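This note's numbering applies: residue 1 is where the sequence shown begins, and numbers increase by one. A virtual CB, placed ideally from N, CA and C, is assigned to each residue, including glycine. Given the structure is predicted, the values throughout are model-derived calculations rather than measurements.
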Amino acid sequence: MVQKNRFKTKKIPYLLVYKFYWFGILCFGLVWVFYDFVSYGMSGISSLVLDIVLGDTTDLATVWGWNVLFNVFYLPGTFLGCWAVKYFGPRWVGSTVWIQAVFGFVMAAKLDVLEKHITGFTVFYGVFTALGEFSLGNNLGLICANGFATPVRGSCYLWCAAMGKAAAFGSNYLFPKLIANGGIKAPFYYAGAMGFAATAILLFLCPPLDQISQQLEDKRFMEYLQKEGYDVSHMTSFVVESSGESELEDSKNNDNLKTYAADEESI
């Protein structure tokens, strides 16, 4: 069991934390905003979209039946996303949301054709939702949690989650207005644009989020606190394991950190 990098005191220097991580909170929070706005918004209007596609003469039971089929597509996306993150990591799997964005633009462009073929519309819409679960739906929590130093991970995650849930709340009001003002194509255009924006943030503004980068992030945060005059003795850093295992593990970690840092400098 390992216990380290945790504040012993309740007087956490939040001003220093947010001064250091405001940009990271903004980036990860925006990714959460984009995903929740699209995910909750599209879920909220799925019955409305189906009603428009099927026509006014379709009975409510049929609309519900197709809506249930829509939701079935969440399952394969979730299962495949769980499998993929094991091999590629949350950042790379999450950044595949651009594929969902492509489907969103294709559906918006070809909606006049898809409206005439409910089966084709259902398949396209189902793949659209499955790709969302495969990418950010499965990995958003991991991405936002691993992007910050261990002692303040929960606090920064809280702000990212709050931004996302605020967007989810607002989407239930905005998406019906999008359809009313821009037609049924408008939500798909918005979904595609936000998918590409989330991909750009993950690929160009976010750290690798692997184990080595997280260790370096902890080190960078400690050095920042010391530079700002904060007494880092208020933080714990002890290992509960046999001394031999501890020394061996520390040696491996130090070698990995040196190699990673050397690669970063060469780049």
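> Would you report the Cα separation of LYS177 and VAL53, rounded to the nearest angstrom?
Replying inline: 17 angstroms
Continuous alpha helix (DSSP H) assignments of at least 4 residues falling wholly in the segment 159 to 224: If you keep only unbroken alpha helix (DSSP H) runs of at least 4 residues inside the segment 159 to 224, you get 186 to 204.
Option in VAL17, TYR35 and PHE28 with minimal Cα separation from ALA193:
Looking only at VAL17, TYR35 and PHE28, the smallest Cα-Cα distance to ALA193 is reached by TYR35.
Exercise. Ordered along the chain, which non-local residues of its own chain (more than five positions away) have a Cβ less than 6 angstroms from that of GLY77?
Worked result: ALA130, GLU133 and PHE134
query = Looking at TRP32 and MET163, is the spacing between their C-beta atoms short of 8 angstroms?
reply = yes
*Should VAL68 go down as buried or exposed, given a rule of 16 or more other Cβ atoms within 10 Å for buried?*
Label assigned to VAL68: exposed.
>> Quick check on LYS19: does DSSP put it in helix, strand or coil?
In response: DSSP places LYS19 within a helical segment (H, G or I) once states are collapsed to three.
Give a yes or no on whether the C-beta atoms belonging to LEU205 and GLY94 are separated by under 8 angstroms. no
For TYR74, the first and last residue of its enclosing alpha helix (DSSP H)
74 to 94
Pick helix, strand or coil for LYS110, following the three-state DSSP scheme. coil
Can you tell me whether DSSP reads LYS116 as helix, strand or coil? coil
Notebook entry, point to check: Under the three-state reduction of DSSP, which class applies to GLU269: helix, strand or coil?
Noted result: Shown here, the chain extends from 1 to 267; a query on residue 269 therefore has no answer.
- Item | DSSP three-state assignment for ILE25, whether helix, strand or coil | It is helical.
With DSSP collapsed to three states, give me the class of ASP59.
coil
Review point. What's the gap between the Cα of LEU142 and the Cα of VAL113?
Key: 38 angstroms
Should ILE83 be labelled buried (16 or more other beta-carbon atoms within 10 Å of its own) or exposed?
One detail in the question is off: residue 83 reads as Trp in this sequence, not Ile. Answer is exposed; the Cβ neighbour count stays below 16.
- [ ] Measure the CB-CB distance between GLN214 and ASN146 and report whether it falls below 8 angstroms.
- [x] The Cβ-Cβ distance between GLN214 and ASN146 falls below 8 angstroms.
Exercise. At which residues does the alpha helix (DSSP H) containing ILE143 begin and terminate?
Worked result: 138 to 146
- prompt: Distance, Cα to Cα, PHE128 vs PHE103?
  reply: Between the C-alpha atoms of PHE128 and PHE103 there is a straight-line separation of about 6 angstroms.
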